[in-house]
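**Student:** Numbered continuously in this note's numbering, the sequence shown closes out at residue 1388.
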Amino acid sequence: MDYDKVIIGSSPVCLLEAIYWHSRGEKVCLVDKAAEPGGAWKKISPGPERIRNVETGCHIFEKDRRVFRFLQNKLGLELAALRPSPKVLIRGRQVPYNLKNFLFIYRNLRAYFGRSGGKQLAYDLGLMLKELGQMNLDYRSFPRDSLTFIDALIRQVKAMDIPMLLSTTIAAVRIDTRSGTVTLSTDSGKTISAHRLALTYNTSFSNIFIDGNDKTGMLQRRPYAFVHIHLLLNDPELRKLSYWRIFNNAMIHRISDMSRQLKLDKDERLICVGLYSSFMENRTEEEARSAALASLKAMKVVSDSARVIEYAFSSYKGSYTDLYALKHIESESKGLAEVLNTLDISRGIRENLHKYATVNYKAHTPEEHG
């Protein structure tokens, strides 16, 4: 047997999973088709000269004392309070970010009457109550960028000598519940064996067999894309914001001020806008840029006189499997396959480092998550 546990992917949660199990004496391995670890957490580069080294997405940490303590005590990373406090924008009105989970519940009322709706409702209510219980905490993010977090995790994995098989594509996964073994076959013909397997919603492989039965049809692959536009603006009337979650908007789902990542001149700011991939269909980048700037002005994020100095689009494309389908694979494998929550990094830390028993049943699409 090569390993106790193989983890497909190298996102922050996957790296944390490897660190956790290695610290418990398990022989762990990370496998990823990408050439560099980190998942979707990357820099824009290549891109315009002034913003090419900015991170592609914007991130916010849910309130959790244990998360904050772990980042500080285990990785030596400090989080800074977001000022002003993050907001949710719904129908043109700003409401406290604390109400985000309540708004999710209200928006998804119909879904709770469908398949596994009761579990979804219980999960969402749990998140809302947990956040309400820590109302006195600030929302936090990294003082500069989240890539320092990725770098710290990668350094920790390397220091522990945890193998990372990068540029490795999995062709087939074979799970034998009778012998308690998992076998991965790569495109290059290599075989990796383990006692257990960790999967995420965007784990990529072509075929899966459980006890000799082809279960590939359960993967139900769906395409997705994280799309962001970074706008370096000249704005003589700078208006402060940190992070906004946007509801009921067909174009934008989140906005973040990322000016802290650059050395800026007076009246300059850098705004990251998360766009729905469906909005980008049949639109050029220039059309999307103009529409995004117009929307920011309409929402009073920037002034009417704001103009674009530089801009860059970045996207992370892939395919994902509905987490309900992955739960069926987890069940049929009799626990040899485990589903990791990677839709939200802080929830992932709680669930995969602190080992909360809750499994994420989120039915929302990946791009909806902060």
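Think of the CB as a built atom: it goes at the ideal place given N, C-alpha and C, for glycine as much as any other residue.
Can you grab the Cα-Cα spacing for the pair Pro1384 / Tyr1294, in whole Å?
**Tutor:** Here residue 1384 refers to the residue found at position 366 when the sequence shown is read from its first residue. Here residue 1294 refers to the residue found at position 276 when the sequence shown is read from its first residue. Because Pro1384 carries a pLDDT of 46, less than 50, the predicted location of this residue cannot be relied on, and no value is offered for it.
**Student:** Classify His1271: buried if its beta carbon has 16 or more other beta carbons within 10 angstroms, exposed otherwise.
**Tutor:** The residue given as residue 1271 occupies position 253 in the sequence shown. Buried, because 16 or more other Cβ atoms sit within 10 Å of the Cβ of His1271.
**Student:** Have a look at Thr1201 and Gly1207 and give me their C-alpha separation to the nearest angstrom.
**Tutor:** Here residue 1201 refers to the residue found at position 183 when the sequence shown is read from its first residue. Here residue 1207 refers to the residue found at position 189 when the sequence shown is read from its first residue. C-alpha separation (whole angstroms): 12 Å.
**Student:** What span of residues does the beta strand (DSSP E) with Gln1152 cover, start to end?
**Tutor:** The residue given as residue 1152 occupies position 134 in the sequence shown. Premise fails: Gln1152 is in no beta strand (DSSP E) and is neither H nor E.
**Student:** Just to confirm, are His1248 and Leu1311 a CB contact at a threshold of 9 Å?
**Tutor:** If you number the sequence shown from 1, residue 1248 lands on position 230. If you number the sequence shown from 1, residue 1311 lands on position 293. Not closer than 9 Å, so no.
**Student:** Based on Cα-Cα distance, which residue from Phe1160, Ser1159, Arg1214 and Leu1143 lies nearest to Cys1047?
**Tutor:** Counted from its first residue, the sequence shown places residue 1047 at position 29. Here the closest residue by C-alpha is Arg1214.
**Student:** Which residue's Cα is closest to the Cα of Val1175: Gln1152, Ile1108, Ala1036 and Gly1057?
**Tutor:** In the sequence shown, the residue the question calls residue 1175 occupies position 157. Out of Gln1152, Ile1108, Ala1036 and Gly1057, Ala1036 has the C-alpha closest to the C-alpha of Val1175.
**Student:** Sort Ile1123, Ala1140, Val1085 and Ser1274 by Cα distance to Gln1456 and report the nearest one.
**Tutor:** Since the first residue of the chain shown is 1019 and the last is 1388, residue 1456 is not available in this structure.
**Student:** Reducing DSSP to helix, strand and coil, say where Glu1067 ends up.
**Tutor:** In the sequence shown, counting from the first residue as 1, residue 1067 sits at position 49. Coil.
**Student:** DSSP three-state call for Leu1100: helix, strand or coil?
**Tutor:** To locate residue 1100, count along the sequence shown from 1; it is residue 82. Residue state, collapsed to three classes: coil.
**Student:** Roughly how many whole angstroms lie between the Cα atoms of Tyr1124 and Leu1341?
**Tutor:** Indexing the sequence shown from 1 puts residue 1124 at position 106. Indexing the sequence shown from 1 puts residue 1341 at position 323. Taking the straight line joining both Cα atoms gives about 21 Å.
**Student:** Whole-angstrom Cβ separation of Arg1239 and Ser1337, contact assumed at under 8 Å?
**Tutor:** Walking along the sequence shown from the start, residue 1239 turns up at place 221. Walking along the sequence shown from the start, residue 1337 turns up at place 319. The Cβ separation is near 4 Å, so the contact holds.
**Student:** Does Trp1059 come out as helix, strand or coil in the three-state DSSP assignment?
**Tutor:** Position 41 of the sequence shown, counted from the first residue, corresponds to residue 1059. DSSP places Trp1059 in coil when its eight states are reduced to three.
**Student:** For Met1001, name the three-state secondary structure that DSSP assigns.
**Tutor:** With the chain running from 1019 to 1388 in the structure shown, residue 1001 is simply not present.
**Student:** Check the C-beta distance from Ala1216 over to Ile1026 and give it rounded, since I have them as a contact under 8 Å.
**Tutor:** Position 198 of the sequence shown, counted from the first residue, corresponds to residue 1216. Position 8 of the sequence shown, counted from the first residue, corresponds to residue 1026. Right, their Cβ atoms sit about 7 Å apart.
**Student:** How about Thr1187 and Phe1227: do their beta carbons lie closer than 9 Å?
**Tutor:** Translated into positions along the sequence shown, residue 1187 becomes position 169. Translated into positions along the sequence shown, residue 1227 becomes position 209. No, they are not a contact pair.
**Student:** Tell me whether the segment 1166 to 1181 and the segment 1098 to 1117 touch, counting them as touching only if at least three CB pairs, one residue from each stretch, are closer than 8 Å.
**Tutor:** No: fewer than three Cβ pairs fall under 8 Å.
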